Amino acid sequence: MPEQSISIIRVPFGLGAGRPGSEHGPDSIMKFGLAKKLAGLGYDVEADRSIRLPEGVRSPAGTKMKHVQEVLAVCTRLGEAVSEAVADGRIPLVLGGDHSIAIGSLAGLTRHYGNMGVIWVDAHSDLNTESTSPSGNMHGISLAAGLGLTHLKLKQIAEGAASLKAEHCVIIGARDLDRDEKALIRSCGLTCFTMHEIDRLGIEQVVREALRIAGQGTDGVHLSFDIDSVDPIEAPGTGTPVRGGLSYREAHLLLELLSESGAVTSADFVEVNPLLDRNNQTSKLAVELIGSLFGSRIL
Numbered sequence: 001m002p003e004q005s006i007s008i009i010r011v012p013f014g015l016g017a018g019r020p021g022s023e024h025g026p027d028s029i030m031k032f033g034l035a036k037k038l039a040g041l042g043y044d045v046e047a048d049r050s051i052r053l054p055e056g057v058r059s060p061a062g063t064k065m066k067h068v069q070e071v072l073a074v075c076t077r078l079g080e081a082v083s084e085a086v087a088d089g090r091i092p093l094v095l096g097g098d099h100s101i102a103i104g105s106l107a108g109l110t111r112h113y114g115n116m117g118v119i120w121v122d123a124h125s126d127l128n129t130e131s132t133s134p135s136g137n138m139h140g141i142s143l144a145a146g147l148g149l150t151h152l153k154l155k156q157i158a159e160g161a162a163s164l165k166a167e168h169c170v171i172i173g174a175r176d177l178d179r180d181e182k183a184l185i186r187s188c189g190l191t192c193f194t195m196h197e198i199d200r201l202g203i204e205q206v207v208r209e210a211l212r213i214a215g216q217g218t219d220g221v222h223l224s225f226d227i228d229s230v231d232p233i234e235a236p237g238t239g240t241p242v243r244g245g246l247s248y249r250e251a252h253l254l255l256e257l258l259s260e261s262g263a264v265t266s267a268d269f270v271e272v273n274p275l276l277d278r279n280n281q282t283s284k285l286a287v288e289l290i291g292s293l294f295g296s297r298i299l
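Per UniProt numbering, residue 1 is the first one in the sequence shown, and the count goes up by one each step.
So this is what it looks like as structure tokens:
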């Protein structure tokens with residue numbers, strides 16, 4: 001990591017998902033000692049930022065996409081907080097909440113990083129658009145929004161924000177893709193390492209290639225980590241679990257390699273849902289995984 005100061009930004013928001021509960025994720029992760037863990041790794045930790053939905057924001061009923069105005073309002077506030085953290089020289093560490101909040105993170109970050117790389121670790125690609133989404137849930141269009149493929153644009157959220165370039169974005173861990181998402185991945189030049197590639201190549205080779213793609217010629221790499229990328233045996237507390245995900249050690253090695261690279265300048269950790277968890281297993285895992293990203297090691 002290039003800096004030694006972290007700004008933890010909690011976003012207790014779950015209306016972008018199809019099931020309630022991810023709005024409790026940030027507080028649950030904090031409850032199990034995230035700030036203390038990061039401080040123990042030598043970081044100056046600012047942990048007092050919480051982004052909440054403004055009162056009175058409601059989307060009209062009867063539209064295909066659900067809670068658009070709520071997502072827009074929360075992401076606007078988040079974009080401001082992320083932008084402030086970068087301007088102050090701090091690493092923004094955003095705790096969701098559902099994955100729709102990544103739209104706000106990307107908007108705030110691209111105000112400062114005009115050519116940003118993204119590593120998107122997720123069981124899903126989040127590449128639906130308003131016209132292709134089968135569910136109408138906003139967390140399924142977040143990467144597409146970052147790429148400028150949706151009606152919702154990053155510049156609507158943060159002045160000066162810019163769309164990502166597909167050739168600098170990498171998805172890792174995908175195993176549940178809709179038909180239109182598959183077609184888009186094939187046509188737009190975005191790299192997607194599914195679990196099939198991870199099985200064949202191994203997680204180390206996949207991560208090193210992802211870092212080359214997202215880091216070469218870019219001025220920052222953002223990690224967006226959806227906890228459903230991990231197999232539900234290890235991470236049961238999430239709203240859209242898919243069997244056959246990253247193992248416990250694969251997830252840790254992925255984050256350890258990203259840490260060693262020094263390329264990651266910001267991160268989201270999203271979709272922890274304590275209402276669906278078993279004995280807080282997923283919240284505790286999130287703390288461990290974030291620790292690995294920021295330098296925690298076995299020895």
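The C-beta atom is built at its ideal place from N, Cα and C for all residues, glycine as well.
Source: prediction; values computed, not measured.
Can you list, in chain order, the residues of its chain with a C-beta nearer than 6 Å to that of Pro12? Leave out the 5 residues immediately preceding and following it. The answer, listed in chain order, is Glu23, Pro26.
Beta-carbon contacts of Leu253 that lie in its chain and below 6 Å, excluding the five residues immediately before and after: Annotation for Leu253: Ile203 place their beta carbon closer than 6 Å to its own, counting only its chain and skipping 5 residues before and after.
Go ahead and pull the three-state DSSP assignment for Gly14. It is coil, neither helix nor strand.
Could you check where the beta strand (DSSP E) with Pro92 kicks off and where it finishes? 91–96 is the span of the beta strand (DSSP E), which, as asked, contains Pro92.
With 16 other Cβ atoms within 10 Å as the buried cut-off, status of Leu299: Classification for Leu299: exposed.
List the DSSP bridge partners of Leu255. DSSP lists no partner for Leu255.
Can you round the beta-carbon distance between Gly245 and Pro236 to whole angstroms, since I take them to be within the 8 Å contact cut? That belief does not hold up - the Cβ atoms of Gly245 and Pro236 are roughly 11 Å apart, past 8 Å.
Using the three-state DSSP reduction, which class does Ser224 fall into: helix, strand or coil? Note: Ser224 maps to strand in three-state DSSP.
Which of the three DSSP states, helix, strand or coil, is assigned to Glu209? If DSSP states are grouped into helix, strand and coil, Glu209 belongs with the helices.
Which of helix, strand or coil does DSSP assign to Val272? It is coil, neither helix nor strand.
According to DSSP, is Glu234 helix, strand or coil? Three-state result, Glu234: coil.
Beta-carbon contacts of Trp120 that lie in its chain and below 6 Å, excluding the five residues immediately before and after: Around Trp120: Leu143, Ile171, Ser224.
How is Glu46 classed by DSSP in three states: helix, strand or coil? Residue state, collapsed to three classes: strand.
Anticipated Cβ contact below 8 Å, Arg212 with Met195, distance rounded: With 8 Å as the limit, Arg212 and Met195 do not qualify as a contact, their Cβ atoms being about 20 Å apart.
Could you compute how far the alpha carbon of Ile157 sits from the alpha carbon of Glu70? Those two C-alpha atoms are separated by around 12 Å.
What residue from Ala73, Ile6, His112, His168 has the CA that sits closest to Ala87's CA? Ranking the options by Cα distance to Ala87, first place goes to His112.
Just tell me which of Glu256, Ile9, Gly173 has its CA closest to the CA of Gly108. The shortest CA-to-CA distance from Gly108 to any of Glu256, Ile9, Gly173 is the one to Ile9.
Starting from Val170, follow its DSSP beta bridges and name the residues at the other end. Val170 is bridged to Ile119, Thr191.
C-alpha distance - Gly173 paired with Ser125, whole-angstrom precision: Rounded to the nearest angstrom, the gap between the Cα atoms of Gly173 and Ser125 is 9 Å.
How big is the Cα-Cα spacing for Asn279 and Ser28? Computed Cα separation, rounded: 12 Å.
Residue of Pro274, Gly14, Glu80, Ser247 minimising C-alpha distance to His67: For His67, the nearest C-alpha among the options comes from Gly14.
Flag this pair as yes or no: are the beta carbons of Ala123 and Val242 separated by less than 8 Å? Contact: yes.
Ordered along the chain, which non-local residues of its own chain (more than five positions away) have a Cβ less than 7 Å from that of Glu181? Contacts found: Ser125, Leu127, Asn128.
If you count every other CB in all the chains shown that lies within 10 Å of the CB of Gly42, and 16 or more means buried, which is it? Per the 10 Å Cβ criterion, exposed.
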